[in-house]
Amino acid sequence: MKFGGTSVGNGERIVNVARLVLKEKPPVIVVVSALGGVTDKLIGIANRVVELPTHVVEKEVGLFYRELLLQHRNAVLEAVGDKRVVSEVLPKITELADQLKVALLGVGYLEDLSPKSLDYIMSFGERLSVVIVAGALSSMGAKAVSLTGFEAGIITDSNFGHARPKHVLMRDEVKKRLLPYVKKGVVPVVTGFVGGDEKGRITTLGRGGSDYTASLIGRYINAKEVQIWTDVDGILTTDPKIVPNAKLISELSYVEAMDLAYFGAKVIHSKMIEPAMVVNIPVRVLNTFKPDCSGTLIVSKQKKIQEVIKAIAITKDVVILNLQGIGMAETPNIAGRVFSVLGGNNINVLMISGSSESNLSFVVKAKDSERAIGLLTEEFGNGDIRGIGTIPEVCVISVVGAGMHGTKGIAAKLFDTVSQAGVNIIMIAQGSSEVNIAFAVSAKDSKSALEALHKRFIG
Ligand code: ADP
Ligand code: ASP
Ligand code: MG
């Protein structure tokens, strides 16, 4: 059972989470995120202190420390009823906050924030929350233990900020470290998002990575089911923050869910489906605040599909890069080089369009675009291409549904709908699985396009 940041947002909500855990048929392993907003705050302070003049570092860090400690102490006092447990949990919270303070002072005085230091700093969000959740469970009479991802066997490479699991090691370690607790009837409460490399240094799995932690653990302990408890009813037909009448999808296939997450449905992390899929573990997305709602079940084969299009996802803040002046014969090689130079530097290519004779277009996150242009200029600067063009302020809209496979005329209807809404399509890509069609539009048009598509295909 994995609970997201909103689900553990304060003491009262943590009590609710503990009740849900105790209602579930044991054995249960719990994975939690940081209290809502805490990861953003940790990133914020780390980036601030590194820029501050030395004489104000201590004051700024002190202020942050007091606020964060207060927030977590309040959560403890609300979530943990048993005085004896409170007296065990509070010193742990203070000790963690103290360690964080030392790290922030170090970053501030040295004026150096490496990805490694940032991972260490970010990890405190989850390391604090697991202690409170385990405390709430103990206070309700359960046996519970809080663990870091590393202690639970989440062993990764040393790619700080986007660490990748070391599957060969995890295969045995997760079982070895978690099953002894489970056998004794103890509920392990594990930090989402946080792992450790082979040297035991803290790593993180990428923003939103707690879902990934849960499915990795599920895979390696051979769980019956992985549950993602969040703040919406399940996976909806689109982001309800954009289209308020988005509807709940009761069942999705792994591939559909993976495509949706990849193209921006942040309700599940884009990497989380794969570990569940390879061992065929069902994933259920559920609402912490409406536990009786049936949620979304993700399984290998969806039942007969009525709707051709099941959901629409949107990725914001992306940029189209365009390599110009490529000879046709060179294109396959150039595409390979683009992927390897960007991939090797942790820049994800979100979509790539079949090239024309002289152009190759692809989409990257806006935050990566400058770095991407630098790397590509270095790679192709010797005259292989004529130049690199950019189209900024773009969104990618992706329409997903296994029913599209072999259904004629879908693309035509889609593009007709978008053009009727007065929106120009800049770039198109369809995966050969025919489970999704993705296209890029200008950011200012994205809401109209999304609303028009949702109205026509979903209602
Ligand atoms: P958690 O903190 O529980 O991990 P997230 O904020 O990461 O929660 O993800 C839940 C949010 O995902 C929802 O509040 C919703 O705004 C957003 N979201 C985007 N696309 C979808 C979708 N298709 N279905 C449901 N939620 C979506
Ligand atoms: N706390 C982390 C984040 O905000 C991980 C997560 O919530 O899944 O990105
Ligand atoms: Mg999330």
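Quick note: the sequence shown uses the working numbering, first residue 578, plus one each step. Here a beta-carbon is modelled for each residue, glycine too, at the ideal position from N, C-alpha and C. Please read all numbers here as calculations on a predicted model, not as lab measurements.
{"Item": "C-beta atoms of Ala979 and Ser877 nearer than 8 Å", "Value": "no"}
{"Item": "Proximity to Leu687 [Cα-Cα], best of Asp734, Arg643, Pro630", "Value": "Pro630"}
{"Item": "Every unbroken alpha helix (DSSP H) within the region 624-696, with a cutoff of 4 residues, ordered by chain", "Value": "631-656, 660-687"}
{"Item": "Inter-stretch contact at 8 Å, needing at least 3 Cβ pairs: the region 980-999 / the region 962-969", "Value": "no"}
{"Item": "Cβ-heavy atom distance, Phe770 to the ligand ASP, below 7 Å", "Value": "yes"}
{"Item": "Boundaries of the alpha helix (DSSP H) in which Lys848 is found, first to last residue", "Value": "Per DSSP, Lys848 belongs to no alpha helix (DSSP H) and is neither H nor E."}
{"Item": "Three-state secondary structure (DSSP) of Asp774", "Value": "strand"}
{"Item": "DSSP state of Gly966 mapped onto helix, strand, coil", "Value": "strand"}
{"Item": "8 Å Cβ cutoff met for Ala791 and Ile858", "Value": "no"}
{"Item": "Exposed unless 16 or more other CB atoms sit within 10 angstroms - verdict on Cys870", "Value": "exposed"}
{"Item": "Burial state of Ser938, where buried means 16 or more other Cβ atoms lie within 10 Å", "Value": "buried"}
{"Item": "Best match in Tyr839, Asn1013, Glu970, Val971 for proximity to Leu991 [C-alpha to C-alpha]", "Value": "Asn1013"}
{"Item": "Closest Cα partner of Val708 within the set Met717, Ser735, Ile911, Val653", "Value": "Val653"}
{"Item": "Other residues of its chain near Asp788: CB distance less than 7 Å, five sequence neighbours each side excluded", "Value": "Lys579, Ile805, Ile845, His846, Met849"}
{"Item": "Supposed contact pair Leu714 and Ala674 - C-beta distance, whole angstroms, cut 8 Å", "Value": "In fact, because the Cβ distance is near 22 Å, the residues do not count as touching under 8 Å."}
{"Item": "Boundaries of the beta strand (DSSP E) in which Pro765 is found, first to last residue", "Value": "764-768"}
{"Item": "Collapsed DSSP secondary structure at Ser938 in the structure displayed", "Value": "strand"}
{"Item": "Continuous beta strand (DSSP E) assignments of at least 3 residues falling wholly in the region 789-848", "Value": "803-807, 828-830"}
{"Item": "Rounded Cβ spacing between Val941 and Val918 (contact assumed at less than 8 Å)", "Value": "With a Cβ gap of about 12 Å, Val941 and Val918 do not count as contacting."}
{"Item": "Rounded straight-line distance, which links the Cα of Ala721 to that of Leu863", "Value": "23 Å"}
{"Item": "Cβ-based burial, His649 [other Cβ within 10 Å; buried from 16]", "Value": "buried"}
{"Item": "Of the residues Ala711, Val605, Val679, the one placed nearest Phe641, counting alpha carbons only", "Value": "Val679"}
{"Item": "Residues bridged to Thr873 [DSSP beta-bridge criterion]", "Value": "Val862"}
{"Item": "Neighbouring residues (CB closer than 6 Å to any heavy atom of the ligand ADP)", "Value": "Gly581, Gly582, Thr583, Ser584, Ser610, Gly785, Thr807, Asp808, Val809, Ile812, Leu813, Thr815, Asp816, Pro817, Lys818, Ala842, Lys843, Val844, Ala888"}
{"Item": "C-alpha gap between Pro692 and Ala838, whole angstroms", "Value": "25 Å"}
{"Item": "Neighbourhood of Ile924 by C-beta, 7 Å cutoff - its chain only, sequence neighbours within 5 removed", "Value": "Val941, Asp945, Arg948, Ala949"}
{"Item": "Residue closest to Ala823, alpha-carbon to alpha-carbon, out of Leu695, Arg1033, Ala611, Thr583", "Value": "Arg1033"}
{"Item": "Beta-carbon gap between Asn922 and Leu952 smaller than 8 Å", "Value": "yes"}
{"Item": "Pro742 (DSSP reduced to helix, strand or coil)", "Value": "strand"}
{"Item": "Rounded distance between the beta-carbons of Gly685 and Val615, thought under 8 Å", "Value": "About 19 Å; that fails the 8 Å criterion."}
{"Item": "Gly978 beta carbon near the ligand ASP (any heavy atom closer than 7 Å)", "Value": "no"}
{"Item": "Thr725: CB within 7 Å of a non-hydrogen atom of the ligand ASP", "Value": "no"}
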